[in-house]
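Since the structure comes first, as structure tokens, the remarks are kept for the end.
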Amino acid sequence: MIAFGWFLTLGLRFVLPAILPSIKVAFAINNATAGLAITVIWAGYAIMQFPAGVLVDRLGERRLLSVSLVLAGGSLGAISGAPVFSVFVVAAGLFGLGTGLFGTSRGIALSNLFSPNPGRAFGITLAAGSVGSAALPFLASVLTLEIGWRLTVGLSVPLFLATGVGTWWVMPAATADADGEPEYSHHRILGPLRVALADRAIGIGVVGLTLMLFTFQALTAFLPTYLVQEKGLSQQMAGALFAVLFVAGAGFQLVGGSAADRVGTRAVLVGVAFVGIFTLAALPVVHGVPALVGLLVVLASRLAVAPVANAYVLEALPDERMGAVWGLLRTGFFLVSSTGAVVVGVLSDRGLFDEAFFLLAGVTAVATALFVYLPKRPGREPT
159 MIAFGWFLTL GLRFVLPAIL PSIKVAFAIN NATAGLAITV IWAGYAIMQF
209 PAGVLVDRLG ERRLLSVSLV LAGGSLGAIS GAPVFSVFVV AAGLFGLGTG
259 LFGTSRGIAL SNLFSPNPGR AFGITLAAGS VGSAALPFLA SVLTLEIGWR
309 LTVGLSVPLF LATGVGTWWV MPAATADADG EPEYSHHRIL GPLRVALADR
359 AIGIGVVGLT LMLFTFQALT AFLPTYLVQE KGLSQQMAGA LFAVLFVAGA
409 GFQLVGGSAA DRVGTRAVLV GVAFVGIFTL AALPVVHGVP ALVGLLVVLA
459 SRLAVAPVAN AYVLEALPDE RMGAVWGLLR TGFFLVSSTG AVVVGVLSDR
509 GLFDEAFFLL AGVTAVATAL FVYLPKRPGR EPT
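First residue of the sequence shown? That's 159 in the working numbering, and the numbers climb one at a time after it.
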């Protein structure tokens, strides 16, 4: 149920970029303004990470996962019925806030249920999200031409509501000890946070993950639009290539999570990030559907970063106030990375769409250099 909830949550988050050309026409907006809407979703998601971390310690994962799905469904109903772009943006922010409850509680639940080697569980769950990110945007691209983007988004509402109820039904009441009455002062949270950030493994892991997320969110926000605008593809073909990215990514996530358990986190992250430099730089110079398919399959390897880095950082976190500390860290790296869509949107409106991908390749190179210095976790990494 966690995996299926993530299938819907992440899939619908990428439906909006997939149908962005239709949304731009409906509201008569440019790329920078459209990028703002995508950034608002990710920023809302980021803002909710710390409250979600506090709440998961207090209320348990089952409540947060179920409530997240119900809130996400309601906000998608508001998106589909938005009469003007300002309402659309507000509803997009609510969708980000609602889904923000899911990510932190999902990570804590998987870490607790599958400790001490949660890499495979993270890989399966995040791979389900990648399948959703492939199937749902592609389906939305096709349906938008038949029934319009509003009804296409609206069809997701009952799925979210039903999954929220199902999650409540099957999840255990708690996956770890929770007394329901923890005290949260800034001293009780900042103390464990300082301990966490003083750990070189956590510091490097979080910064590297932030840079990789920045490039990922920038890439996915505008890849369909880029393929339509710069490569001359139809929206349906762009949606199909967008699906290729996530279908291949699901496979890399499954392999990456298991590989990290076997050969170590550092080797996997360095290898994946290194490949990501060249695939992003090659995107502007590759043309033709067959060549783009091949490139996107290789580019999809960067999706393996999330399960590997998430599992690594969670295993390294101190047990005290784990949910709150993890939520605060997620707020930080998602807020920073959410700006990627605006950066690419502004550059594209200035005629620098290709150069935007060269910039993303450079950011990935910095992340690669950081991962080289990622320490092994004593007793948790293969020797």
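Glycine included, every Cβ here is placed at the ideal spot set by N, Cα and C.
Quick one: which unbroken alpha helix (DSSP H) runs of 4-plus residues sit fully inside the segment 200-237? Chain order, please.
207-217
Give the range of the alpha helix (DSSP H) segment to which Gly287 is assigned.
Gly277 to Ile305
Give me, in chain order, the residues of the same chain whose beta-carbon lies closer than 6 Å to that of Ala286; leave out the 5 immediate sequence neighbours on both sides.
Ala161, Trp164 and Phe165
Bounding residues of the alpha helix (DSSP H) (the contiguous stretch that carries Val521):
Phe511 to Val530
Exposure of Glu304, with buried meaning 16 or more beta-carbon neighbours within 10 Å
exposed
Which whole-angstrom value describes the C-beta separation of Gly434 and Thr522, a residue pair presumed to lie in contact below a C-beta threshold of 8 Å?
5 Å
Quick one: what's got a C-beta closer than 7 Å to Thr437's C-beta in the same chain, skipping five residues either side?
Leu453, Val456 and Leu457
What are the start and end residues of the alpha helix (DSSP H) that includes Lys182?
Leu178 to Phe185
Take every Cβ of the segment 405-418, pair it with every Cβ of the segment 438-448, and state whether three or more of those distances are shorter than 8 Å.
no
Identity of the residue in Gln375, Pro465, Val430 and Leu385 nearest Thr497 by Cα:
Gln375
Own chain residues within Cβ distance below 6 Å of Ile177, not counting five before or after:
Ala298, Thr302 and Trp307
Let me know the secondary structure DSSP gives Ser314 once reduced to three states.
coil
Indicate, with yes or no, if the ligand SAM has a heavy atom lying under 7 Å from the CB of Val443.
Absence of the ligand SAM is noted for the structure shown, with no ligands found whatsoever.
Could you check what DSSP says for Glu388 in three-state terms: helix, strand or coil?
coil
Spatial distance of Asn468 from Gly265 (CA atoms)
8 Å
Would you mind stating whether Leu234 and Val315 have Cβ atoms separated by less than 8 Å?
yes
Who are the Cβ neighbours of Ala464 in its own chain at under 6 Å, not counting the five residues just before and after it?
Leu284
Helix, strand or coil at Leu457 according to DSSP, with G and I counted as helix
helix
Using a Cβ-Cβ cutoff of less than 8 Å, which residues in the same chain neighbour Val524 once the five nearest sequence positions on both sides are dropped?
Leu369
Determine the extent of the alpha helix (DSSP H) in which Arg424 is found, giving its start and end residues.
Thr423 to Ala440
Quick one: grab the DSSP three-state call for Val447.
helix
Pick from Asp215, Leu194 and Phe172 that is closest to Thr257, judged by C-alpha positions
Phe172
If I follow the unbroken alpha helix (DSSP H) through Ser273, where does it start and stop?
No alpha helix (DSSP H) holds Ser273; DSSP gives it neither H nor E.
Over what stretch of residues does the alpha helix (DSSP H) that includes Val463 continue unbroken?
Val463 to Ala474
Alpha-carbon to alpha-carbon, Val225 and Leu385
36 Å
Among Gly390, Leu493 and Leu486, which residue has its Cα nearest to the Cα of Gly446?
Gly390
Taking only three categories from DSSP, how would you classify Pro382?
helix
Along the chain, where does the alpha helix (DSSP H) containing Thr507 start, and where does it finish?
Rather than Thr, the amino acid found at residue 507 in this sequence is Asp. Gly498 to Asp507 is the span of the alpha helix (DSSP H), which, as asked, contains Asp507.
Ala359 - DSSP class collapsed to helix/strand/coil
helix
Evaluate Tyr470 with the Cβ neighbour count: other Cβ atoms within 10 Å of its Cβ, from every protein chain shown; 16 or more gives buried, anything less gives exposed.
buried
Cβ separation of Pro179 and Thr383, assumed to be a contact under 8 Å, to the nearest whole Å
6 Å
Distance, Gly520 Cα to Val214 Cα
36 Å
Can you find at least 3 beta carbon pairs, one from the segment 190-200 and one from the segment 501-520, that sit closer than 8 Å?
yes
What residues in its chain sit with their C-beta under 7 Å from that of Thr378, if we drop five residues either side in the sequence?
Phe172 and Pro175
Exposed or buried, what is Trp200 when buried is set at 16 or more other beta-carbons lying within 10 Å of its beta-carbon?
buried
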